[in-house]
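Notes follow the structure.
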Amino acid sequence: MEKKILPYNNHHVWWITFGTICILTLFTRFYKVSEPDHICWDETHFGKMGSWYINRTFFFDVHPPLGKMLIGLSGYLTGYDGTFAFDKPGDKYGNVSYVGMRMFCTALGASIVPMTYITVHEMTQSIVSSAFASLLILFDVGILTLTQYILLDPILLCFMMGAIMGSVKISFGEIPEFTFKWWTWLLFTGTMLACCISVKFVGLFVVLLVGFMTIADLWTVLGDLAKPVMITMKHLIARGLCLIVWPIFLYILFFYIHLKVLNHSGNGDGFYSSAFQSQLIGNSLHNASMPRQVAYGAIVTLKNHRTGGGYLHSHYHLYPDGVGARQQQVTTYTHKDDNNKWLIKKFNTEEFNGVELVKSGDLVRFEHMQTKRNLHAHKEHAPITKKHYQVTGYGENGTGDANDVWRLTLIGAKDGTELTAVSGKLRIVHYLQSCILTTSGKQLPKWGYEQQEVSCNPNLRDVNAVWNVEENVFDELPSVSFDVYAPSFMERFLESHAVMLQGNAGLKPKEGEITSRPWQWPINYRGQFFSGSGYRIYLLGNPVIWWSNLAFLALFLIIFTFNAIKEQRGYLKSLAEFHQGKLVACGWLFVGWLLHYVPFWAMGRILYFHHYFPALLFSSMITGIVLDYLLVEIPTLFPKNYSNTVHHILLALILSTISYSFVVFSPLAYGMSGPNANEPNSTMFGLKWLDSWEF
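Sequence positions in the sequence shown follow our numbering and run 26 to 720.
Written out as structure tokens, the structure reads:
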């Protein structure tokens with residue numbers, strides 16, 4: 026039976042449809058963007074980080090800097106002065122100029138919808154596919170909610186969709202190669218890739234997708250016998266420059282700006298090495314003058330030399346019952362405070378006669394300045410790493426026992442070499458138990474204030490058992506400047522990444538914390554609270570759209586497999602060109618969905634519902650294209666006289682279903698408040714919530 030393509034695809038219809046979608050996007054995204062006037066969910070983190078950029082205060086975060094820099098810049102340009110504390114969700118903004126930052130994030134989140142329209146049209150040349158895909162994203166209340174607040178997600182999704190759109194323009198579009206327009210789109214794609222991975226490391230997934238599309242494109246160019254091989258080489262060089270070299274340059278540039286702007290000491294200093302900290306204004310090591318040598322009687326802080334390592338720390342609290350000996354806790358702590366300070370003493374006397382320098386090979390004791398107990402180890406199991414021995418604070422007023430004695434060894438130096446502050450790398454070996462002071466990097470439970478475990482490892486080759494003296498207070502020795510240890514930009518750049526990667530690896534679920542698993546995301550099983558006060562906001566997707574996306578993912582695989590088998594067996598000579606294009610487009614989008622969803626199954630870090638939203642964009646685009654495919658196929662099953670009527674009925678039914686689902690579930694996005702806005706029921710899919718929400 027002859028298939029008829031309905032005449033929707035013309036220039037005027039394209040612009041009318043695109044304009045309508047843009048107007049709907051502006052209305053839905055910016056409607057009540059200033060509400061609620063209190064902190065919602067992670068605004069407490071990213072608003073605070075924006076403030077730190079305005080104040081030029083250094084901090085630690087597990088994500089690259091671009092998203093937070095843009096939030097800070099948007100706040101600065103719209104009148105925010107960086108003084109609001111952003112303490113916790115629910116705090117009122119009051120007279121704070123927060124709306125500019127929300128508007129900025131919302132604008133980037135809103136751009137996803139028109140970019141989806143352009144992307145799908147480039148892949149399919151179908152206005153219907155483009156309209157369906159963009160409407161599914163437009164009317165999903167989950168995406169709407171996620172992109173209306175001061176968060177990294179709208180920024181990430183914007184750059185991600187921009188990278189896909191640019192790549193599709195190059196691979197699927199009809200732009201003449203090596204023209205100015207072609208180079209512009211290629212550089213745009215590289216810029217979006219750099220921005221994407223500079224917001225969150227999960228931007229690597231879209232880098233992989235664009236990489237796969239580029240390889241396929243180059244393979245197609247190589248197979249075109251009408252073109253010489255040199256054309257393929259030119260393409261390869263152009264893609265390498267614009268999609269590899271240019272993004273790397275931009276990525277490094279963003280970090281250069283980040284490190285230049287944040288030049289004042291902050292509460293994240295302790296995650297970084299002593300040399301790194303010496304570059305921060307206000308840090309105790311900046312333009313520091315302190316004794317170069319360490320002497321007995323000096324008050325020192327000991328910093329673990331591993332990436333992200335903290336300071337040797339103790340406090341008055343004891344280990345709980347059942348966790349080794351019930352003695353004083355010893356941990357590492359990444360922030361500077363007085364509980365990190367230790368007095369270094371000779372092992373056999375409490376007296377100090379003049380100035381006597383500490384040397385490699387010496388036996389010493391460390392007395393905690395606040396509690397007057399000595400650093401101690403014994404053959405009890407460590408609290409988490411059971412193969413290690415427990416380290417405690419022991420004794421009274423500096424008096425303990427023989428298990429307080431440690432032998433110091435300078436790495437790369439002979440016995441008798443003087444210990445120096447900052448630069449000297451130190452191993453601290455227990456004299457009686459023959460174990461080495463170390464930190465596993467594992468987080469202690471709440472009884473240990475979620476600080477990191479310190480233990481004594483019988484394996485003396487432990488790579489984490491390296492320390493350095495950071496602060497060195499001793500009035501009887503002359504002070505010298507430590508600017509000589511200032512690291513270069515590249516050293517700081519590499520250390521920043523090592524700390525971020527380690528921080529990401531350490532993001533494990535905390536005791537009692539509510540998290541989610543990847544299997545729950547596509548079925549919209551459970552969302553996230555954004556606001557739990559009188560104005561309730563809960564992140565949850567539109568069930569009609571989310572469940573339909575799952576069904577159409579499966580349907581695409583069935584259609585693709587069915588057509589492939591028919592073609593292989595000779596029943597189908599070739600698909601119509603418009604169908605072939607749709608299936609190829611769905612194939613690439615399915616690869617994108619896999620790349621942005623499947624890796625989370627292998628991750629051991631803490632996961633949340635919002636991690637699925639990049640994958641949701643791909644599944645929504647697939648649904649839009651498959652709907653268009655069926656809209657053409659299904660009418661052909663009816664007599665020719667009725668095919669157009671059936672087509673229009675199906676089109677109206679699809680559009681009305683999408684629109685009605687948004688109207689029905691919109692209270693979930695807008696978080697309507699009032700006396701009847703009870704706490705949502707925790708039943709599956711949250712459908713009972715609708716009983717308690719006012720329309």
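Virtual Cβ for every residue (Gly too), placed ideally from N, Cα, C.
Please classify residue i as buried or exposed, where buried requires at least 16 other C-beta atoms within 10 Å of its C-beta.
i	result
W244	exposed
H37	exposed
W40	exposed
E381	exposed
D653	buried
D387	buried
R542	exposed
L582	exposed
R594	exposed
D426	exposed
Y341	exposed
S136	buried
S681	exposed
Y685	exposed
I453	buried
E592	exposed
Is the Cβ-Cβ distance between residue i and residue j less than 9 Å?
i	j	result
K366	E501	no
H413	S480	yes
K450	V491	yes
M394	L368	yes
I306	N288	yes
L182	L133	yes
A407	E478	yes
M525	P89	yes
K411	E392	no
V732	N529	What is shown of the chain runs 26 to 720, which leaves residue 732 out entirely.
Y118	H70	no
T356	G334	no
L261	L620	no
L444	V494	yes
V325	A446	yes
T131	P179	yes
With residue i as the anchor, note down where its alpha helix (DSSP H) starts and where it stops.
i	result
P272	W271 to V286
M255	V254 to G265
S314	Looking at the DSSP string, S314 is not in any alpha helix (DSSP H); the run it does join, the beta strand (DSSP E), is S314 to P316.
If I follow the unbroken beta strand (DSSP E) through residue i, where does it start and stop?
i	result
Q304	Neither: Q304 is in no beta strand (DSSP E) and is coded neither H nor E.
E392	L388 to H393
S151	Here S151 belongs to no beta strand (DSSP E), and DSSP marks it neither H nor E.
I168	That residue, I168, is in no beta strand (DSSP E); its alpha helix (DSSP H) goes V166 to L171.
H342	Y336 to L343
Y414	Y414 to Y419
K328	I324 to N329
Q458	That residue, Q458, is in no beta strand (DSSP E); it is neither H nor E in DSSP.
Q352	No beta strand (DSSP E) holds Q352; DSSP gives it neither H nor E.
Starting from the C-beta of residue i, find all residues in its chain whose C-beta is less than 6 Å away, skip the five residues before and the five after it, and write them out in chain order.
i	result
R331	N489
G107	S76, I79 and N80
R264	T239
C1	The displayed coordinates of the chain run from 26 to 720. Any statement about residue 1 would go beyond what the structure contains.
R390	K370, F372, N399 and D429
Any Cβ of chain C within less than 9 Å of the Cβ of residue i?
i	result
K113	In the structure shown, chain C cannot be found, because there is only a single protein chain.
Please list, in chain order, all residues of the same chain as residue i whose beta carbon is under 8 Å from its beta carbon, the five residues on each side excluded.
i	result
T442	K384, S385 and L435
W207	I195, I200 and P201
E405	G349, A350, Y414 and Q415
G125	S99, G100, L102, T103, G104 and Y105
D363	M394 and Q395
C267	W208, L211, L212, T214 and G215
P503	P316
With a CB to CB cut of under 7 Å and the five nearest residues on each side skipped, what residues in its chain are close to residue i?
i	result
F625	P543, L632 and H636
S644	N574, L578 and W618
Q545	R551
I143	M190
G44	none
H360	N292 and G295
I683	L160, L161 and F164
I256	V246
Item checked: Inside the region 470-549 only - alpha helix (DSSP H) runs reaching at least 4 residues -> 514-530
Checklist line | Runs of alpha helix (DSSP H) lying entirely within the region 185-239, each at least 4 residues, in chain order | finding: 205-224
Note to self: So within the region 55-141, which uninterrupted alpha helix (DSSP H) runs reach at least 4 residues, ignoring any that extend past its ends?
What the structure shows: 68-80, 91-102 and 124-135
Item checked: Ranges of the alpha helix (DSSP H) found wholly within the region 590-644, counting only runs of at least 4 -> 602-622
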